[in-house]
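Colleague:
Number of protein chains: 2
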Amino acid sequence: MEASPVRPTFLNLPPEKRERIIAAALAEFADKGYEQASLNAVVAASGIAKGSLYQYFTDKQGIFLYLFEVAVGVVRRTLLTVKEETREADVFTRLEKSLLAGVDFIRRHPRLFGLYLRILYDQRTPRRQELLAAVRRFAADYFASLVRQGLSRGEIRAGVSPETAIFLLDAVFDRFLQGVAMPAFDVTLGLNQADAREVAARGRELIGLVRRGLAPPETV
Amino acid sequence: MEASPVRPTFLNLPPEKRERIIAAALAEFADKGYEQASLNAVVAASGIAKGSLYQYFTDKQGIFLYLFEVAVGVVRRTLLTVKEETREADVFTRLEKSLLAGVDFIRRHPRLFGLYLRILYDQRTPRRQELLAAVRRFAADYFASLVRQGLSRGEIRAGVSPETAIFLLDAVFDRFLQGVAMPAFDVTLGLNQADAREVAARGRELIGLVRRGLAPPETV
DNA sequence: CCATGATATGACCAGGTGGTCACATGGAAG
DNA sequence: CTTCCATGTGACCACCTGGTCATATCATGG
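From first to last, the protein sequence lines are chains F and D. Counting from 1 along the first sequence, just add 658 to a position and that's the residue number in my numbering. Counting from 1 along the second sequence, just add 658 to a position and that's the residue number in my numbering.
1) Please confirm whether R806 of chain F has its beta-carbon closer than 8 Å to some beta-carbon of chain D.
2) Let me see if you follow: with CB-CB separation under 8 Å, is Y692 of chain D close to chain F or not?
3) So, is V838 of chain D buried or exposed, given that buried needs 16 or more other C-beta atoms within 10 angstroms?
4) Output yes or no for whether 8 Å exceeds the beta carbon distance between I824 of chain D and A802 of chain D.
5) I need the boundaries of the alpha helix (DSSP H) containing Y800 of chain D, first residue and last residue.
6) Can you give me the Cβ contacts of I883 of chain D inside the same chain, cut-off strictly under 8 Å, excluding the 5 residues immediately before and after it?
7) I think K690 of chain F touches V701 of chain F, with their Cβ atoms under 8 Å apart; what is that distance to the nearest whole Å?
8) Can you pull out the residues from the region 783–808 of chain F whose beta carbon lies closer than 8 Å to at least one beta carbon of chain D?
9) Roughly how many angstroms lie between the CA atoms of L790 of chain D and G720 of chain D, to the nearest whole one?
10) Starting from P875 of chain D, find everything on chain F with Cβ-Cβ shorter than 7 Å and list it in chain order.
11) Verify whether the separation of the beta carbon atoms of F796 of chain D and V733 of chain D is less than 8 Å.
12) Evaluate A854 of chain D with the Cβ neighbour count: other Cβ atoms within 10 Å of its Cβ, from every protein chain shown; 16 or more gives buried, anything less gives exposed.
13) In three-state terms, what does DSSP make of M659 of chain F?
14) Hey, does S819 of chain F have any beta-carbon neighbour from chain D nearer than 8 Å?
15) Is the beta carbon of L773 of chain D sitting closer than 8 Å to the one on A688 of chain D?
16) Following the continuous alpha helix (DSSP H) through N850 of chain D, name the residue where it begins and the one where it ends.
17) How about M659 of chain F: is its C-beta nearer than 8 Å to some C-beta of chain D?
18) The region 856–867 of chain D: which residues have C-beta closer than 9 Å to a C-beta of chain F, in chain order?
19) Do you know whose CA, among F:Q694, F:F726, F:L835, F:G866, lies nearest D762 of chain F's CA?
20) Distance cutoff 8 Å, beta carbons only. Does L757 of chain F sit that close to anything in chain D?
21) Could you name the residues of the same chain whose beta carbon sits closer than 7 Å to that of V728 of chain F, not counting the 5 residues immediately before and after it, in chain order?
22) If I measure Cβ to Cβ from M659 of chain D and keep anything under 7 Å in the same chain, skipping five residues before and after, which residues do I get?
23) D828 of chain F touches chain D at which residues, Cβ-Cβ below 8 Å?
24) What are the boundary residues of the alpha helix (DSSP H) that R862 of chain D is part of?
25) Could you tell me whether any Cβ in chain D is nearer than 8 Å to the Cβ of L697 of chain F?
26) So L697 of chain F packs on L711 of chain F, CB below 8 Å; how close in whole Å?
27) Helix, strand or coil: which one does DSSP assign to V818 of chain F?
28) Taking only beta-carbon atoms, is L775 of chain D less than 8 Å away from chain F?
29) Which runs of the beta strand (DSSP E) at least 3 residues long sit entirely within the region 734–771 of chain D? Give them in chain order.
30) Roughly how far, in whole angstroms, is the beta-carbon of L778 of chain D from the beta-carbon of A842 of chain F, given that I think they are within contact range, below 8 Å?
31) With H, G and I counted as helix, E and B as strand and the rest as coil, what does DSSP make of V664 of chain D?
32) F668 of chain D to K718 of chain D, Cα distance in whole Å?
33) I'd like to check one pair, A798 of chain D with V845 of chain F: are the Cβ atoms closer than 8 Å?
34) I believe A829 of chain F touches A829 of chain D by the beta-carbon criterion, under 8 Å. Please report the beta-carbon distance rounded to the nearest angstrom.
Structure below.
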């Protein structure tokens, strides 16, 4: 077990103030990454004193880890909802809907996705491996369960190795979502400026290619 | 036109010393990113005085941009070689060989790939859009020319949209290479610890899936 | 009205940063 | 041996960082 990074004082705060601080910290950490994030900027943006921050949290790491906890909660709830809502469909329909749900999530919570990217790419983020393992469990479990379904129902060819299929899905999904979030990633599709209809069409097309790659010949 | 970031003094240096400095700077910038990189660390690692660094380069940006120039040169030469060597083969063979050449490049020049990742993910890198555009041109042109070949020779189905195909290739390639370079990315395939034979097998399998996705039914 | 304990505050600290500059060194030309 | 200029040097500067702490403020219960 480990000490909580957040002090009770913080949880006693009026919700409006609490959320102002969370929003300011999230913006700072997501925009600049762990090390580059400035606590002075956080206190300035949330209108509290430096000392107060240290009455709410143990230290910089504490603030960061608390943000991560909050983020994980949001992601978990979202993922469960999507899985539930597509329960009945075939694998490729589920994948397509999941992809669009991912786009929706990023549009709704761009900072949370930004925080994830930071952890992914800032090698000096504290407890990075541990945090990534947590995120990874979500994605890998999700794809693994879909691929399992696909194989057992014959929607995916028997010869396909599950690991390679998961790798392909993970690569395509992550890149698509990063393309939506960051123009620099999206060399060709213009996802960042596209409207919902266009993104949906591109997603469908992409899942179509993946489907041909994975499904038995007679079904495509 | 713009002022060169490197001063003539640097180019007059004995090559051994020049390369020591380049190596030290590359290590620092690739490991920590632009803002987090410490020039004090660079001078310590290369055994020169702080002041000397400022006789060789205009400023921190200058050092960074010079490193990028050096890196682009290496990448350009490598890419030309691969394109040349696979000239005769069909699209999917060319892709497979290109993927393995990419792996080889990363194993040979891990810091250069690290520098690329930094530019990609550190939003505060100076002139980031411009630098990424340069890298992007390489990859997009490369894939575009292969896809064009594939479509014109009938190795890729006529119905496939070139942009979507390029997106798929870009996603799969980049993720595969990042998986080789950084364990955190590679959820399922274990590329980071795999030996050359294993990586080749995984690459072949992955290109196989992509091929099924892109090629006309009768050829797979 | 006071006392008490929780909460709020910002000047302050040590340590690191990118960048500067007055001076030291070296080697070649006269 | 002297002059001269390119090159080398590290103490120093202003600025910013995460973190501390003595003190002020506030709300509540007696």
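Ideal placement from N, C-alpha and C gives every residue a C-beta, glycine not left out.
Modeller: To lay it out plainly:
1) Your numbering for residue 806 of chain F matches position 148 in the first sequence. R806 of chain F does not count as touching chain D.
2) As a working note, residue 692 of chain D is residue 34 in the second sequence. Judged by the 8 Å Cβ criterion, Y692 of chain D is not in contact with chain F.
3) To locate residue 838 of chain D, count along the second sequence from 1; it is residue 180. Classification for V838 of chain D: buried.
4) Position 166 of the second sequence holds residue 824 of chain D. Position 144 of the second sequence holds residue 802 of chain D. Contact flag set, yes.
5) Taking the first residue of the second sequence as 1, we reach residue 800 of chain D at position 142. It spans 786–811 - the alpha helix (DSSP H) in which Y800 of chain D sits, taken as one unbroken run.
6) Residue coverage of chain D in this structure runs from 659 to 878, which leaves residue 883 of chain D outside it and unanswerable.
7) Along the first sequence, one-based indexing puts residue 690 of chain F at 32. Along the first sequence, one-based indexing puts residue 701 of chain F at 43. The Cβ separation is near 15 Å, so there is no contact.
8) R786, Q787, L790, R794, A797, A798
9) Taking the first residue of the second sequence as position 1, residue 790 of chain D is located at position 132. Taking the first residue of the second sequence as position 1, residue 720 of chain D is located at position 62. So the alpha carbons of these two residues sit roughly 17 Å apart.
10) By one-based count along the second sequence, residue 875 of chain D stands at place 217. The contacting residues are P875.
11) One-based indexing of the second sequence puts residue 796 of chain D at position 138. One-based indexing of the second sequence puts residue 733 of chain D at position 75. Contact flag set, yes.
12) On the second sequence, residue 854 of chain D is found 196 positions in, with the first residue counted as 1. Classification of A854 of chain D: exposed, given that the 10 Å Cβ count is below 16.
13) Walking along the first sequence from the start, residue 659 of chain F turns up at place 1. Residue placement at M659 of chain F is poorly supported in this model, since its pLDDT is 46, which falls under 50; the coordinates are not used for a value here.
14) On the first sequence, position 161 is the one that residue 819 of chain F refers to. So, interface residue.
15) For the purposes of this step, residue 773 of chain D is taken as residue 115 along the second sequence, with counting starting at 1. For the purposes of this step, residue 688 of chain D is taken as residue 30 along the second sequence, with counting starting at 1. Closer than 8 Å, so yes.
16) Working through the second sequence from its first residue, we reach residue 850 of chain D at position 192. Neither: N850 of chain D is in no alpha helix (DSSP H) and is coded neither H nor E.
17) Sequence index remark: in the first sequence, residue 659 of chain F carries index 1 (1-based). Residue confidence is low: M659 of chain F scores 46 on pLDDT, short of 50, so the model does not pin down where it sits. Its coordinate-derived value is still stated next. Taking Cβ atoms only, chain D never reaches closer than 8 Å to M659 of chain F, which makes this a no.
18) R860, E863, L864, G866, L867
19) Counting from one through the first sequence, the residue named residue 762 of chain F turns up at place 104. With distances taken between Cα atoms, D762 of chain F lies closest to F:L835.
20) Counted from its first residue, the first sequence places residue 757 of chain F at position 99. Not one chain D Cβ lies under 8 Å of L757 of chain F.
21) Your numbering for residue 728 of chain F matches position 70 in the first sequence. So the qualifying residues of the chain are I680.
22) Position 1 of the second sequence, counted from the start, is the residue given in the question as residue 659 of chain D. Only weak support is given to the placement of M659 of chain D: the predicted model assigns it a pLDDT of 45, under 50, and the value that follows is read from those uncertain coordinates. Cβ neighbours of M659 of chain D beyond the five flanking positions: none.
23) Position 170 of the first sequence, counted from the first residue, corresponds to residue 828 of chain F. Correct list: R833, V845, T846.
24) In the second sequence, residue 862 of chain D corresponds to position 204, counting from 1. Unbroken alpha helix (DSSP H) run through R862 of chain D: 854–872.
25) Within the first sequence, the letter at position 39 stands for residue 697 of chain F. Chain D contact via Cβ: absent.
26) For the purposes of this step, residue 697 of chain F is taken as the residue at position 39 of the first sequence. For the purposes of this step, residue 711 of chain F is taken as the residue at position 53 of the first sequence. At roughly 6 Å, the Cβ-Cβ gap stays under 8 Å, so L697 of chain F and L711 of chain F are in contact.
27) Within the first sequence, numbered from 1, the residue matching residue 818 of chain F stands at position 160. In the structure shown, V818 of chain F sits in coil (DSSP, three-state: anything other than H, G, I, E or B).
28) Position 117 of the second sequence, counted from the start, is the residue given in the question as residue 775 of chain D. It does; some Cβ of chain F falls within 8 Å.
29) none
30) As a working note, residue 778 of chain D is residue 120 in the second sequence. As a working note, residue 842 of chain F is residue 184 in the first sequence. Correct: roughly 7 Å between the Cβ atoms.
31) Your numbering for residue 664 of chain D matches position 6 in the second sequence. Of the three classes helix, strand and coil, the one that applies to V664 of chain D here is strand, per DSSP.
32) Taking the first residue of the second sequence as position 1, residue 668 of chain D is located at position 10. Taking the first residue of the second sequence as position 1, residue 718 of chain D is located at position 60. Taking the straight line from one Cα to the other gives about 15 Å.
33) The residue given as residue 845 of chain F occupies position 187 in the first sequence. The residue given as residue 798 of chain D occupies position 140 in the second sequence. Taking 8 Å as the Cβ cut-off, V845 of chain F and A798 of chain D qualify as a contacting pair.
34) On the first sequence, residue 829 of chain F is found 171 positions in, with the first residue counted as 1. On the second sequence, residue 829 of chain D is found 171 positions in, with the first residue counted as 1. The pair is a contact, with the Cβ atoms about 5 Å apart (cut-off 8 Å).
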